[in-house]
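One structure below.
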Amino acid sequence: MIAPSILAADFARLADEAAAVAGPAGEGADWLHVDVMDGHFVPNLTLGLPVVQSLLKATDLPLDCHLMIEDPDRWAIGYAEAGAYNVTVHVEAARDPVALAKNLRAAGAKAGLSIKPGTPLEPHIETLKHYDTLLVMSVEPGFGGQEFIPDVLEKVRTARRLVDTGHLTVLVEIDGGINADTVEAAAEAGVDCFVAGSAVYGADDPGRAVRALRERARRANPDREWRTA
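Pasting the structure below:
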């Protein structure tokens, strides 16, 4: 799965930018990744719920909302109630991540849990049993265009083993520095869904860039049965 990040898109043309990656079924983006930042949990300030509500009216792509915010226990449910397909919160910010996962699902969304590059996976494995998505950050959250941190792939491999052995049922997603040079290593490690910002929206043809990333991922791990949303 490829989830273009609109953090790298033209904010004045978000409906057009979503359409540019939608494409025909099976060829376009699988999700549209929306980075929500509050200027507190991370230093940057980006989009919020009103923009997500507008995007939901402008595209049929499932919205993958990544909340890099303080107090997600209070604010995340609004994104699920608005119609976001997947709502991801940070384990470093959530007060009660198990209860939050249940509330997100009750509000109609898939529940995602994200971990920063320096956050170990192992202490949160039991918590992940309540979630649908694990988002492994491969850069420090807060800004686009950063360089991929390869050490996080060990966490991906661990998560992949837990999924393949039935201990977890999460979809494994990665976010940060994904491009033509890094997508293959991430695919080999066991990623299901690749968030890509500059590699898609910095290309002359964003739709073609989506297709190229998906093909590189499949070539890197041709024996895998690729998961879908």
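The opening position of the sequence shown corresponds to residue 5 in my numbering, with each subsequent residue numbered one higher. A virtual CB, placed ideally from N, CA and C, is assigned to each residue, including glycine.
request  = Let me know if R164 comes out buried or exposed under the rule of 16 or more other beta-carbons within 10 Å of its beta-carbon.
outcome  = Buried, since its Cβ has 16 or more Cβ neighbours within 10 Å.
key: Exposure label - G149; buried when at least 16 CB within 10 Å   = Flag for G149 reads exposed.
task = Starting from the N-terminal side, write out each stretch of the alpha helix (DSSP H) that is 4 residues or longer and does not extend beyond the region 120-190.
result = Counting only unbroken stretches of 4 or more residues, the alpha helix (DSSP H) elements lying wholly within the region 120-190 are 129-132 and 157-168, in sequence order.
key: Whether G82 touches S142 by CB criterion (8 Å)   = Not in contact: G82 and S142 (Cβ atoms no closer than 8 Å).
message = Give me, in chain order, the residues of the same chain whose beta-carbon lies closer than 7 Å to that of P124; leave out the 5 immediate sequence neighbours on both sides.
response = Here P124 has no same chain residue with a Cβ atom under 7 Å from its own Cβ, once five neighbours each way along the sequence are excluded.
task = Going by CA-CA distance only, name the one from E21, H37, K120 and R109 that's closest to E144.
result = It is K120 whose Cα lies nearest to the Cα of E144.
ask   = Can you list, in chain order, the stretches of the beta strand (DSSP E) that have 3 or more residues and sit fully within the region 53-119?
value = The qualifying runs are 67-72, 90-94 and 114-119.
request  = Flag this pair as yes or no: are the beta carbons of R218 and G194 separated by less than 8 Å?
outcome  = No, Cβ-Cβ distance for R218 and G194 is not below 8 Å.
query = How big is the Cα-Cα spacing for Y111 and A26?
reply = The question names Tyr, yet the displayed sequence has Ala at residue 111. So the alpha carbons of these two residues sit roughly 26 Å apart.
Simplified DSSP state of V199, which is helix, strand or coil = Here DSSP, grouped into helix, strand and coil, assigns V199 to strand.
request  = Give the straight-line distance between the Cα atoms of E74 and H94, rounded to the nearest whole angstrom.
outcome  = Each residue's Cα considered, the two are about 9 Å apart.
ask   = Residues in its own chain within less than 6 Å of E177 by CB, not counting five upstream and five downstream?
value = Excluding positions up to five away in sequence, the list reads T137, L139 and C197.
inquiry  = Quick check: what's the CA-CA separation for A207 versus V55?
reply    = Going by the C-alpha atoms only, they are around 24 Å apart.
query = So, is S118 buried or exposed, given that buried needs 16 or more other C-beta atoms within 10 angstroms?
reply = With 16 or more other CB atoms across the displayed protein chains lying within 10 angstroms of its CB, S118 is buried.
request  = Hey, could you find the ends of the alpha helix (DSSP H) L36 is sitting in?
outcome  = Annotation for L36: no alpha helix (DSSP H) segment contains it, though the beta strand (DSSP E) segment containing it runs L36 to M41.
request  = Could you tell me the boundaries of the beta strand (DSSP E) in which P8 lies?
outcome  = For P8, the enclosing beta strand (DSSP E) stretches over residues I6 to P8.
query = Looking at C-alpha atoms only, which residue of T50, V174 and A16 is the closest neighbour of L2?
reply = The chain is shown only over 5 to 233; residue 2 falls outside these bounds and no answer can be derived.
task = For A115, I'd like the list of residues in its chain whose CB is within less than 6 Å of its CB, leaving aside the five on either flank, ordered along the chain.
result = Same-chain partners within the cutoff: A105, L108, R109, Y135 and D136.
key: Nonlocal neighbours in the same chain, by C-beta distance under 6 Å from L166, ignoring five residues either side   = Residues of the same chain with a CB within less than 6 Å of the CB of L166, apart from the 5 flanking positions on each side, are L172 in chain order.
query = Which two residues bound the contiguous alpha helix (DSSP H) that contains V46?
reply = In the DSSP assignment, V46 falls outside any alpha helix (DSSP H) and carries neither an H nor an E.
ask   = Just how far apart, CA to CA, sit G87 and K61?
value = Just so you know, the alpha carbons of G87 and K61 end up roughly 10 Å apart.
task = State the DSSP-derived secondary structure class of P210, mapped to helix, strand or coil.
result = Helix.
query = Mind checking whether V46 and C69 have CB atoms under 8 Å apart?
reply = Cβ atoms of V46 and C69: not closer than 8 Å.
inquiry  = What would DSSP say about E31, mapped onto helix, strand or coil?
reply    = Reduced to three states, the DSSP call for E31 is coil.
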